[in-house]
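**Student:** When you line the sequence shown up against this note's numbering, it's residues 13 to 267, in that order. Can you keep this structure in mind? I'll have questions shortly.
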Amino acid sequence: MILAGRALTIGYADHVVGRDLDVALATGEVLALLGPNGSGKTTLLKTLIGLLAPKTGDVLIGDRTLSSLTSTERARLLAYVPQSHMATFAFTVETIVLMGRTAHGNLFSRPSAHDRAVAARSLERFGIAHLAERPYTMISGGERQLALLARALAQEPQFIVLDEPTASLDFGNQGKVMREIRALAASGHGVLFTTHDPNHALRAADRAYLLRGGARIAEGMVGEVLNRIQLEKLYDAPVEQLADRATGASAFLPG
């Protein structure tokens, strides 16, 4: 199955953010979206998942337009993890994760034993099972981000869309999330994530999509697209590219 945006013009009621954008994500692959602040990354994500309607063009899942799907159908196909989230009510972490199961039942029905088992596996997978009974409002920002990732996994969607998933995580948990992104693809999910760190894209993504000023400047396999010249053009700043002579692996640092 493929999630695709075709000839998209994206933006808000009072202004356009990007034009003539084509993007596609297949199940079983990871696509990294990179670009400077204000380039349109989050607006593009919100358009692809239906939070914003495209000004022109279409978003499709398989052979159906996103706009033709019911909210329940969308929830069973797409999960979204925002960059940051603050809860108003002191739900437990387990309850937050169980909210992902509403895609498979009723918002007001009691979770089934299966729902609880799926949520427990998600909590365990992200190493936060010990937080299950803690109020979501009383855990750290990084722990909240892991809880939202667990909720997305519990939703059992085809596609998972992540807006800067490592932004509030410590170094160790950044590595955990990158590993889980690869594991999600290996288990058949399509994963799209935004990042400011090209090293994360190199590690976790199959393809990279470079966006600047609302326009696509490059797209392709990460090993081909992510290089010093492209990244300097993307960020309008010097970039240092390091290479391991033994493995050929690259890493990037601000110049």
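Ideal placement from N, C-alpha and C gives every residue a C-beta, glycine not left out.
(1) Helix, strand or coil: how does DSSP classify I108 here?
(2) Can you tell me whether G187 is helix, strand or coil according to DSSP?
(3) Take the Cβ of H27 as the centre, count every other Cβ of all protein chains shown within 10 Å, and call the residue buried at 16 or more, exposed below.
(4) Among all the DSSP beta bridges, which residues are the ones paired with Y221?
(5) If you count every other CB in all the chains shown that lies within 10 Å of the CB of I241, and 16 or more means buried, which is it?
(6) Could you compute how far the alpha carbon of G30 sits from the alpha carbon of K67?
(7) At which residue ranges does the stretch 61 to 147 contain complete beta strand (DSSP E) runs of 3 or more residues, listed in the order of the chain?
(8) Look up Y24 in the DSSP assignment and give the residues it is bridged to.
(9) Would you decide whether M190 is buried or exposed? Buried here means 16 or more other CB atoms lie within 10 Å of its CB.
(10) Assuming I151 is part of the beta strand (DSSP E), what are its boundary residues?
(11) Should the stretch 51 to 58 be called in touch with the stretch 71 to 85, which here means at least 3 C-beta pairs below 8 angstroms?
(12) In whole angstroms, what is the alpha-carbon distance linking Y24 and V109?
(13) M13 to R194, Cα distance in whole Å?
(14) In angstroms, rounded to a whole number, what distance separates the CA positions of R163 and L33?
(15) If we ignore side chains and look at the alpha-carbon of each, how far apart do L246 and H126 end up?
(16) Which residues in the same chain as L20 place their Cβ atom closer than 6 angstroms to its Cβ, once the five residues preceding and following it in sequence are excluded?
(17) Have a look at F103, M111, E136 and flag the residue whose alpha-carbon is nearest the alpha-carbon of R88.
(18) Tell me which same chain residues have a C-beta within less than 6 angstroms of the C-beta of L174, skipping the five on either side of it?
(19) For P250, which of helix, strand or coil comes out of DSSP?
(20) Looking at the structure shown, is L204 part of a helix, part of a strand, or coil, going by DSSP?
(21) In the DSSP assignment, find the unbroken alpha helix (DSSP H) run with P210 in it and report its ends.
**Tutor:** On the basis of the data shown:
(1) helix
(2) helix
(3) exposed
(4) L45, E231
(5) exposed
(6) 10 angstroms
(7) 68 to 73, 90 to 93
(8) H27
(9) buried
(10) I151 -> no beta strand (DSSP E), and no H or E assigned at all.
(11) no
(12) 31 angstroms
(13) 18 angstroms
(14) 29 angstroms
(15) 46 angstroms
(16) L33, P66, G69
(17) M111
(18) V93, F205
(19) coil
(20) strand
(21) 210 to 216
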